[in-house]
Structures are given as structure tokens and as C-alpha cells.
Amino acid sequence: MFRFNRKKLIILLIYASFFITIPIIKNETRLFEKKIKNHKNQIVFLKNNLSEAYLEYQYLSSPEILEKKVIKNLDINYKNLNISQVYLNFDDFVNEQEKITKILPNDK
Amino acid sequence: MTNKKNKNSIHKNQNSFFFEDFLETNHRQKMTNKTRISDERLYVLFSVFFSLILVFSISIFSISIQQSDFNDYKDNNQNSLTLRKDILDRNGELIARNINTYHAAIKPNLIKNKENFIIKIKLNFPEISKLKLKKNLEDKKYFYLKKRLTEEEKNKLWALGEKGIIIEPFQSRVYPQGQLFSHVLGQIDDDNKGISGIEKYFDSELRNSKTYDPLFLTLDTNIQFLVKSELKKAMSDFKANAAGGLLMDVTNGEVISLVSLPDYNVNIRNNISDLRYMNQITKGVFELGSVFKTFTLAIALEENILSPETIIENIPNEIQCSKYSIRDIHEFPNELSAEDILIRSSNIGSLIIGRKVGEEKLKDFLDRLGLLKTIDFEIEEIGTPLSFNWEKCKLETVSYGHGITTTPLQAAAAYATLTNGGYTVKPTLDLQKNSDHTLQQSIISNDTSDQINKILRKVVTDKEGTGSFADIFGYDVGGKTGTAKSYTNGNKNINTFISVFPTEKPKFVLLIILDDPKAAPHITYNYRGQKIKNISRNEAGWNSVYTAGKIIQKIGPILAINNNEAYNTHVVKKDN
Chain A
0 MFRFNRKKLI
10 ILLIYASFFI
20 TIPIIKNETR
30 LFEKKIKNHK
40 NQIVFLKNNL
50 SEAYLEYQYL
60 SSPEILEKKV
70 IKNLDINYKN
80 LNISQVYLNF
90 DDFVNEQEKI
100 TKILPNDK
Chain B
0 MTNKKNKNSI
10 HKNQNSFFFE
20 DFLETNHRQK
30 MTNKTRISDE
40 RLYVLFSVFF
50 SLILVFSISI
60 FSISIQQSDF
70 NDYKDNNQNS
80 LTLRKDILDR
90 NGELIARNIN
100 TYHAAIKPNL
110 IKNKENFIIK
120 IKLNFPEISK
130 LKLKKNLEDK
140 KYFYLKKRLT
150 EEEKNKLWAL
160 GEKGIIIEPF
170 QSRVYPQGQL
180 FSHVLGQIDD
190 DNKGISGIEK
200 YFDSELRNSK
210 TYDPLFLTLD
220 TNIQFLVKSE
230 LKKAMSDFKA
240 NAAGGLLMDV
250 TNGEVISLVS
260 LPDYNVNIRN
270 NISDLRYMNQ
280 ITKGVFELGS
290 VFKTFTLAIA
300 LEENILSPET
310 IIENIPNEIQ
320 CSKYSIRDIH
330 EFPNELSAED
340 ILIRSSNIGS
350 LIIGRKVGEE
360 KLKDFLDRLG
370 LLKTIDFEIE
380 EIGTPLSFNW
390 EKCKLETVSY
400 GHGITTTPLQ
410 AAAAYATLTN
420 GGYTVKPTLD
430 LQKNSDHTLQ
440 QSIISNDTSD
450 QINKILRKVV
460 TDKEGTGSFA
470 DIFGYDVGGK
480 TGTAKSYTNG
490 NKNINTFISV
500 FPTEKPKFVL
510 LIILDDPKAA
520 PHITYNYRGQ
530 KIKNISRNEA
540 GWNSVYTAGK
550 IIQKIGPILA
560 INNNEAYNTH
570 VVKKDN
């Protein structure tokens, strides 16, 4: 007759627990993988969209197109930035201006 | 004997005795064996299940620790499977990319009702010829109805539900910047192989599927656009046949802008046979005229034949050389300093300096500057300077830039060499290519280079200089003009201006070339503070220099902002 000692009971319990947990884990893994596959498909789809949007953005933000849009939609006349006329501090600016123009003293 | 003894000894120590129950012993042994077998099975099962659980646990664990790599370049590029890599400018702006598209092909034997099919196609695609389609359906086994379908066109064809329509996937190359880089990029064929320009030169690199890295060019989209728009305006103002512009870093040869006009849209395939559409900067071989005077003076200074202040006396108005009579366009004083000869652009003065230098030295110097041989550059369309013999009068004419041809690209590279301290510069379009000054050959000394820079600055600032329209405040521009007759058509002018800036420590060389520009009386020039109009002159100073000035005015701030030195010196920073 099969004797039910402690050792066998533990083995049986482990066996039973594995028997239950393995299908659960396997099933979970399968579900995860399914989700991952779906997400991957979504990613491919989104990547395509992103790539197309990026391409479109690059086209629409190309200088030629931007210039056309600015001329069409804005009334602002942009002027070139003259970087050499921008100074680090006010003293530099005054010194430079003094070289160019004579500053008249204030009569008042 | 020994056994007997042992037996006796056992008996001696034995306290009690018992009868062996053989049956029970056997039974116990059998049970033990059974349990052992069952244990072994359990261990095996345990191992199997444990391994399984371990495998799934590892699987779940690996899934959970997977890093998202959305920020990787390759993932932002749908085209991990594209046949060609992207091309980007130096700032990462997209210049070329492959996209998935479709061709619509027809298998006539799968179409049952051909008349009905033709009507359906005609309704959806009115541009397709009915007769041609009918003929193809009768004669061919397989043909293309429409190439490079849009998504809408593809859906329309799907909706027809015809078996005979085959939608073939295809990769198409698109250039979002349109015409902007047409002369640099070149084209690819239907098999995605480069057939011209950058596409051909870097073909194997662009088709290398092992890496995802795009190809970075040295070009700057914004600067390219500004140079192009000003050149386009110049072409229209001066009614020029063609125009070209080149901006290059004098320290490492990186080409920041390369424009050749007229250009074409690389997204639309056309057969172009008009010679004006050649790349003026790299393929065009021109007699560039007075820009060569700088080379003559540079070698004279380097060889200590003269200094910038050396006075050349008794300069005649005309010199007879063999059967040719050489003279200046304007009348100059008969005594000029060496630098004045360059500033005023005197042919006779340069000729005299050339004679002082001698044929061998001048020839060797031009050769070392790389002006006489074909340049190695990353596009296929490269011109070869015309070969010539150094016979009678060649030294004289070459000293002022006549009877010698080269490409504008080579001339700009030579100017970069003269102005960067004397190091040879190899123009490049490949941003990854690092050029190290220490590995470059020095052609002239730093002192000679400084002297040349100062004289070039005077060409722009001096009252008698020919480049005053390029004197843009703040950019310290220097340069040299060149007005020459085209060697293919003596009635045509080729006007060039090669500028360097800032001349204190040159960073950029800008070359502008206009093919046969005319006078522009409608333009109001700001000539040394005075507004003047109705000018009927068409030398380089009145068109190429004017255009270069306009370009520097526009691109200067961008270049300065990108230049740390200029940024740190000039840009206001708020304290708070």
C-alpha cells in the first residue's frame, strides 16, 4: 500500500502547484506575447505615420515653402540681423557709437 | 580460518537471536525499490516542470526588462528595410529618403471583360490613353498601367476588384527640399542605384544595409537657400545665362553651400540636354581672369621677390608679347605698388610680377595649389582644367589669369589655402570626414597668408578697389574680382568674385560666378555712401561683387551665430 509520508506529500504539493502555475504562467506569457505583437504592429503603423509626418514636416518647413507661406500670410517685412551691431554690454555699444558719431552734451 | 573466527566473534558479542523472515524482507526490499523508482520519476517530472517554469519566467522577465528604443534614429525611420539610407544636411535636416510606394501592373489574361475594364480605368484615371491601354491589353502579357501610385490611386484600383491588376510594392526616393540640392544630389535609377552626384559617389555606403546611420553632408539647408535665392535674383537682374555660388570653410574644406543655376527638380525625372544645366561650380571649366592675379602676387611675396609696398616703376599702358598686344581695361598710373596692382587689378602690373617670378616657379605654385589637375571631390560631375603648353607668352597671360582654365571649386579651394595660413584645403561634402591641419601640406607661410588677407581686404575697402559692394559692415570681407571672356564664346563674359571673411582670421570663402551678366540700369547701387542708378557697366565689380555682398549680408548672421567666437563676442546675453 502506498504510504503517505511527509516527503511524498511535499513532492506532491510541489507537483500540484507547478501543475497549476505553469499553465497560468504560460497563458500569461502567451497573452503578453499577443499584446506585444499587437503593439509591434501598432508601432510599425505609427512609425509609418511618423515617417510620413516627418517627411511632410521636412517638406513644409523647407525654406522655400516657408518663404512662400510667410509672403502669403504675413505682413511683416523681415530685416536681416546685423550681428556686428549687437554688443555684449551697453558700454561697448556707447564706445563704438562714440567712434562713429559725436555725442552732443545735453543743454538742459 | 579467518571466516570461522569472525563467525565466532559475532556469536560471542550477540546478545539475542532472531529468525530471519525472508518473506517480509523481500517485501520491504520490493517496496523500497518501488519508492525509489517513483522518487526518480518525481525528480524527473520536477525537473521538467521546473525547467518549464524557469523558461516562462525568464521569458516574462526578459519581456518586462525590454527597453523601448523609440528615440533611436533607426526607429524614427520607418525604413529599416529601405534600399537606400537617408541623406541629411549638417544640421540634421532631411535631404533624401526612400519611401514605400506602388506600381500598378496589368496581367491581361486575368481580365475577363476588357471593354468594361477600359471604361472603369478611364473613369478613374482620365489621363490614361484609352487607345494605348486597349493596345497593351491585346498585345502584351504584362505591362505597367501607372507607376508610383499615390495612396488614393492605389485604393481606387483596389476598389475595382479586378484580378488582373497587380499592385507591385516599390521604393521611391524623395527629396523634400525639391530643387535646392539638385546639382549636388544627382539621381538614382529604377533599381535604386545612384547614377549621378552624391547618390552615385556614396552609392555603396548608401545601400549598405548593415548599418542604419544616415549620410551627413556638410551642406546647410538654410544657407543653401539664401545663396540660391540671391543668385536667382542676380540671374534675373543681370540677365545672366547661368550662375554659381560656393561657400566653403577655409580651415577644413567643408562645403556649406554649393549652388548652380539653372537647376531642376530632382523629384521629377527629365532628360536635360541644355548645357546651362551643368554644375557650374564643379563641372564648369572657365578662364577666371583676374582672380589668378592673387596667385601671382602670393608666390612673389612667398619667394621674397617683392613686398606689398614694393613700387613697380615704368608700367607701360601696353605690352607686345609675340603677336598679342596686352593692355589694361582702364588707364593706371605708371608707378604702382605690388598691392596696388592687385587692388586695381592691373593686367600689365601682374604680368611684370609674373615675369619676376618666372615660369617654373609660377607653374609649380599653380600646380601645388591644385589648379591644373582634376580635383578629387565627392560628386561625379567634375571638370578637368584644359591642358596647355607653357610656350611663348603663356607666363605673361597666366600671370593675370588668361589662357588658363580651372573649375570654380578649385579656384575657391586655392583661395582657402592662401588665406588660412597656407595649408592646402581639400573641398569635401562628407561631414564625417575629419581633416586635420597638421596632416595638410603648407604651401605658403603664415606671413604671406596674412599679407594676402590684408591686400584682399583692401580690394574691398580701398577707393580704387574693385570689390567695394562686398564691404558689408561687421564681416570684414576681402576678395578679388575676375572679369574674363568665355573661351568658348569670346563675346560672353564670365564674372567671378572670390571673397574671404573675416579677413582678420578667415573662416569662409565665398565664390560667386555669373555667366554673361549684362548691365543692370534698374538697380540702385549704394556706392560708397551714394545712391547711384542707370549704370551701364557689367564688370564683375558691378554684378558678382554686388551679389556676394547681398549674400554675405544674409548668411553672415547665421554663420556668426554658429561661430562660437562671434557669438561670444557680439551676442548680447541677459544678466538675469
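Chains A and B supply the protein sequences, listed in that same order. Heads up: the first sequence is residues 0 to 107, going by numbering that gives the first Met the number 0. Heads up: the second sequence is residues 0 to 575, going by numbering that gives the first Met the number 0. Don't be surprised by glycine CBs; every beta carbon is placed ideally from N, CA and C. On a predicted model such as this, the values are computed, not experimentally measured, just so you know.
Per-residue DSSP class, three states only, for residue i
{"i": "Ser181 of chain B", "result": "helix"}
{"i": "Thr28 of chain A", "result": "helix"}
{"i": "Tyr474 of chain B", "result": "coil"}
{"i": "Asn78 of chain B", "result": "Any answer about Asn78 of chain B is weak, because its pLDDT of 47 lies below 50 and its placement is not dependable; what the coordinates show is given next. DSSP places Asn78 of chain B in coil when its eight states are reduced to three."}
{"i": "Ser128 of chain B", "result": "coil"}
{"i": "Ala104 of chain B", "result": "strand"}
{"i": "Phe55 of chain B", "result": "helix"}
{"i": "Glu338 of chain B", "result": "helix"}
{"i": "Ser324 of chain B", "result": "strand"}
{"i": "Glu253 of chain B", "result": "strand"}
{"i": "Tyr524 of chain B", "result": "strand"}
{"i": "Ser203 of chain B", "result": "helix"}
{"i": "Ser50 of chain B", "result": "helix"}
{"i": "Tyr422 of chain B", "result": "strand"}
Residue-chain proximity (residue i, chain C), Cβ-Cβ < 8 Å
{"i": "Leu73 of chain A", "result": "Of the protein chains in the structure, A and B, none is chain C."}
Same chain, Cβ closer than 6 Å to residue i, neighbours up to 5 away in sequence not counted
{"i": "Phe364 of chain B", "result": "Ile298"}
{"i": "Lys238 of chain B", "result": "Lys517"}
{"i": "Leu428 of chain B", "result": "Leu216, Thr217, Val254 and Glu377"}
{"i": "Leu144 of chain B", "result": "Ala103 and Ile105"}
{"i": "Ile280 of chain B", "result": "Gly243, Leu245, Leu257, Ser259, Pro407 and Leu408"}
{"i": "Lys155 of chain B", "result": "Asn123"}
{"i": "Leu12 of chain A", "result": "none"}
{"i": "Asn445 of chain B", "result": "Gly420"}
Endpoints, beta strand (DSSP E) assigned at residue i
{"i": "Pro62 of chain A", "result": "Here Pro62 of chain A belongs to no beta strand (DSSP E); instead the alpha helix (DSSP H) covers Pro62 to Asn72."}
{"i": "Ala242 of chain B", "result": "Ala241 to Asp248"}
{"i": "Gln319 of chain B", "result": "Glu317 to Cys320"}
{"i": "Val284 of chain B", "result": "No beta strand (DSSP E) holds Val284 of chain B; DSSP gives it neither H nor E."}
{"i": "Val508 of chain B", "result": "Phe507 to Asp514"}
{"i": "Leu274 of chain B", "result": "That residue, Leu274 of chain B, is in no beta strand (DSSP E); it is neither H nor E in DSSP."}
{"i": "Lys530 of chain B", "result": "Gln529 to Ile531"}
Close beta carbons around residue i, own chain, < 7 Å, minus the five adjacent residues each side
{"i": "Asp574 of chain B", "result": "For Asp574 of chain B, the predicted model reports a pLDDT of 47, less than 50, meaning its position is unreliable; a value from the coordinates is still stated below. No residues qualify anywhere along the chain."}
{"i": "Arg536 of chain B", "result": "Ala518"}
{"i": "Ser441 of chain B", "result": "Gly421 and Tyr422"}
{"i": "Ser324 of chain B", "result": "Glu317"}
{"i": "Ala241 of chain B", "result": "Leu260, Pro261, Arg275, Gln279 and Asp514"}
Neighbour-count burial assignment, residue i, 16 or more Cβ in a 10 Å radius
{"i": "Pro505 of chain B", "result": "buried"}
{"i": "Lys162 of chain B", "result": "exposed"}
{"i": "His38 of chain A", "result": "exposed"}
{"i": "Asp475 of chain B", "result": "buried"}
{"i": "Arg456 of chain B", "result": "buried"}
{"i": "Met30 of chain B", "result": "exposed"}
{"i": "Val265 of chain B", "result": "buried"}
{"i": "Tyr18 of chain A", "result": "The question names Tyr, yet the displayed sequence has Phe at residue 18 of chain A. Phe18 of chain A is exposed by the Cβ-count criterion."}
{"i": "Val43 of chain A", "result": "exposed"}
{"i": "His182 of chain B", "result": "buried"}
{"i": "Tyr410 of chain B", "result": "At residue 410 of chain B the sequence reads Ala, which differs from the Tyr that was named. Classification of Ala410 of chain B: buried, given that the 10 Å Cβ count is 16 or more."}
{"i": "Arg40 of chain B", "result": "exposed"}
{"i": "Asp71 of chain B", "result": "Bear in mind that the predicted position of Asp71 of chain B carries a pLDDT of just 46, short of 50, making it too unreliable to give a figure here."}
Close-in-space but distant-in-sequence residues of the same chain around residue i (CB under 8 Å, 5 per side omitted)
{"i": "Thr480 of chain B", "result": "Ser289, Val290, Ser344, Val458, Thr465, Gly466, Asn494, Thr495, Phe496, Glu538, Ala539, Gly540, Ser543 and Val544"}
{"i": "Lys153 of chain B", "result": "Tyr101, Ala103 and Ile166"}
{"i": "Asn207 of chain B", "result": "Lys84"}
{"i": "Ile271 of chain B", "result": "Tyr263"}
{"i": "Ser485 of chain B", "result": "Phe285, Glu286, Lys491, Asn492, Ile493, Asp514 and Asp515"}
Residue interval of the alpha helix (DSSP H) (run including residue i)
{"i": "Asn494 of chain B", "result": "It is not in any alpha helix (DSSP H) - Asn494 of chain B instead sits in the beta strand (DSSP E) that spans Asn492 to Phe500."}
{"i": "Asp449 of chain B", "result": "Asn445 to Thr460"}
{"i": "Pro168 of chain B", "result": "Premise fails: Pro168 of chain B lies in the beta strand (DSSP E), Ile164 to Val173, not in any alpha helix (DSSP H)."}
{"i": "Leu368 of chain B", "result": "Unbroken run through Leu368 of chain B: none, as it is neither H nor E."}
{"i": "Asn346 of chain B", "result": "Asn346 to Val356"}
{"i": "Leu122 of chain B", "result": "Lys113 to Asn123"}
{"i": "Lys145 of chain B", "result": "First-last for Lys145 of chain B: Phe142 to Leu148, but that is the beta strand (DSSP E), not the alpha helix (DSSP H)."}
* To do: Examine the Cβ distances between the stretch 333 to 351 of chain B and the stretch 285 to 292 of chain B and report whether three or more of them are shorter than 8 Å.
  => yes
* **Touch test, the stretch 494 to 505 of chain B against the stretch 458 to 472 of chain B, Cβ-Cβ under 8 Å, three pairs minimum** => yes
* To do: Examine the Cβ distances between the stretch 378 to 385 of chain B and the stretch 197 to 204 of chain B and report whether three or more of them are shorter than 8 Å.
  => yes
* To do: Evaluate contact between the stretch 216 to 233 of chain B and the stretch 249 to 258 of chain B, counting only Cβ atoms and requiring at least three cross-stretch pairs below 8 Å.
  => Segment contact: the stretch 216 to 233 of chain B against the stretch 249 to 258 of chain B, three or more CB-CB distances shorter than 8 Å; contact assigned.
* To do: Report yes or no: do the stretch 354 to 363 of chain B and the stretch 387 to 401 of chain B share at least 3 C-beta pairs separated by less than 8 Å?
  => yes
* Asked: At a cut of 8 Å, does the stretch 270 to 286 of chain B reach the stretch 334 to 342 of chain B through at least three beta carbon pairs?
  -> Result no; under three Cβ-Cβ pairs closer than 8 Å.
* So, do the stretch 55 to 70 of chain A and the stretch 171 to 179 of chain B have three or more beta carbon pairs nearer to each other than 8 Å? -> Contact holds: three or more Cβ-Cβ distances are below 8 Å.
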